[in-house]
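> Residue numbers (this note's numbering), protein chains in the order written: chain Y, 1 to 113; chain V, 1001 to 1115.
Quick one: structure below, then a few questions.
Here you go:
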């Protein structure tokens, strides 16, 4: 079974600064997908960024980037130039192709003005 | 932009009652999923559905739960006899078969409250 671990229940960052959220996972699969989802107070699940395991290049989406270390089974999210609207729960998720998604417990991020 | 929709947004029911949560996946998607999130906890997989049958289900998805695609657009989750512990946010998601195969699109969720 695949497990996803987010070791930081809560984090805070000053507006405009950079923060990194950690995620590790456990799998015997060689091909899979990793995601970061944002869940604001509205509780909508919003995809932030995704990474295919077969790609060595780290994914980047504007202010969001990942540090994917396949051998270490680590998938951290870096948020640059943090904005107040980034305040949310962030879930790391693992998925085999067209399969169910397994989520971590989440990290509550607070961006302070 | 196409999106997954869910109704109702909030459902309140008495313990022991049956509830049906409805989802309309994105029209060209063929994989469908239900997840739940108990307040303050992580999102948990319930079931995936493809080609009119369940393709995978978790240990949470017991005999009290069932899913159905009654027509070409809706995807439903039924809980036959609700329990207090069924109170949660229920998310529907869908994904395509062809590329990109790896992204699931989530609906806004239905908040189920069992009294």
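Ideal placement from N, C-alpha and C gives every residue a C-beta, glycine not left out.
1) If we cut at 8 Å on Cβ distances, does residue 1089/V have a partner in chain Y?
2) Taking 8 Å as the threshold (beta carbon to beta carbon), is residue 1108/V in contact with chain Y?
3) Determine, using beta carbons only, whether residue 1117/V and residue 1088/V come nearer to each other than 8 Å.
4) Taking the Cβ atom as the reference point for each residue, do residue 15/Y and residue 111/Y lie within a distance shorter than 8 Å?
5) Taking 6 Å as the limit between beta carbons, can you name the residues of its chain near residue 46/Y, skipping five residues before and five after?
6) Does any C-beta atom of chain Y lie closer than 8 Å to the C-beta of residue 1099/V?
7) Please list the partners that residue 1104/V has in chain Y, where partner means a Cβ-to-Cβ separation under 8 Å.
8) From what residue to what residue does the beta strand (DSSP E) around residue 1036/V run?
9) For residue 1026/V, tell me which candidate among 1077/V, 1111/V, 1072/V has the shortest Cα-Cα distance.
10) Using a Cβ-Cβ cutoff of less than 7 Å, which residues in the same chain neighbour residue 4/Y once the five nearest sequence positions on both sides are dropped?
11) Quick one: residues in its chain with C-beta nearer than 8 Å to the C-beta of residue 1013/V, no 5 flanking neighbours on either side, listed in chain order?
12) For a minimum of 4 consecutive residues, which ranges assigned as the alpha helix (DSSP H) are wholly contained in the stretch 1014-1074 of chain V?
13) Any C-beta of chain V sitting closer than 8 Å to the C-beta of residue 56/Y?
14) Give the DSSP-derived three-state secondary structure of residue 26/Y in the structure shown.
15) For residue 1049/V, would you say it is in contact with chain Y, using Cβ-to-Cβ distances shorter than 8 Å as the test?
16) Which term fits residue 1009/V, buried or exposed, when burial requires 16 or more other beta carbons within 10 angstroms of its beta carbon?
17) Please list, in chain order, the chain Y residues whose beta carbon lies closer than 8 Å to that of residue 1056/V.
18) Residue 29/Y and residue 96/Y: beta carbons closer than 8 Å?
This is what the structure holds:
1) As a working mapping, residue 1089/V is identified with position 89 in the second chain. Chain Y contact via Cβ: present.
2) For this step, residue 1108/V is matched to residue 108 along the second chain. Chain Y contact via Cβ: present.
3) Nothing about residue 1117/V can be read from this structure; chain V reaches only from 1001 to 1115.
4) In the first chain, the residue the question calls residue 15/Y occupies position 15. In the first chain, the residue the question calls residue 111/Y occupies position 111. Yes.
5) What you label residue 46/Y is simply residue 46 of the first chain in a count that begins at 1. Excluding residues within five positions, the ones whose Cβ falls inside 6 Å are 38.
6) Numbered from 1 along the second chain, position 99 holds the residue referred to as residue 1099/V. Note on residue 1099/V: pLDDT 48, under 50, position unreliable in the model; no value is reported.
7) Reading the second chain from its first residue, position 104 is the one you call residue 1104/V. Per Cβ cutoff of 8 Å: 95, 101.
8) Taking the second chain and counting its residues from 1, one reaches residue 1036/V at position 36. Note, residue 1036/V: beta strand (DSSP E), 1031-1037.
9) Counting from 1 along the second chain, the entry for residue 1026/V is found at position 26. Comparing Cα positions, the closest option is 1072/V.
10) Residue mapping note: residue 4/Y aligns to position 4 of the first chain, counting from 1. Within the same chain, residue 4/Y has close Cβ partners 23, 25, 92, 93, 94, 102, 103, 104.
11) Reading the second chain from its first residue, position 13 is the one you call residue 1013/V. For residue 1013/V, where only same-chain residues beyond five positions count, the Cβ hits under 8 Å are 1019, 1082, 1112, 1113, 1114, 1115.
12) none
13) In the first chain, counting from the first residue as 1, residue 56/Y sits at position 56. False, the Cβ-Cβ gap to chain V never drops below 8 Å.
14) Here residue 26/Y refers to the residue found at position 26 when the first chain is read from its first residue. It is a strand residue.
15) Residue numbering aside, residue 1049/V sits at position 49 when the second chain is read from its first letter. Not an interface residue.
16) Locating residue 1009/V in the second chain gives position 9, where the first residue counts as 1. The residue is exposed, with fewer than 16 neighbouring Cβ atoms inside 10 Å.
17) Counting from one through the second chain, the residue named residue 1056/V turns up at place 56. Neighbours of residue 1056/V on chain Y, chain order: 99, 100.
18) Along the first chain, read from residue 1 onward, the residue named residue 29/Y stands at position 29. Along the first chain, read from residue 1 onward, the residue named residue 96/Y stands at position 96. Their beta carbons are under 8 Å apart, which means residue 29/Y touches residue 96/Y by this criterion.
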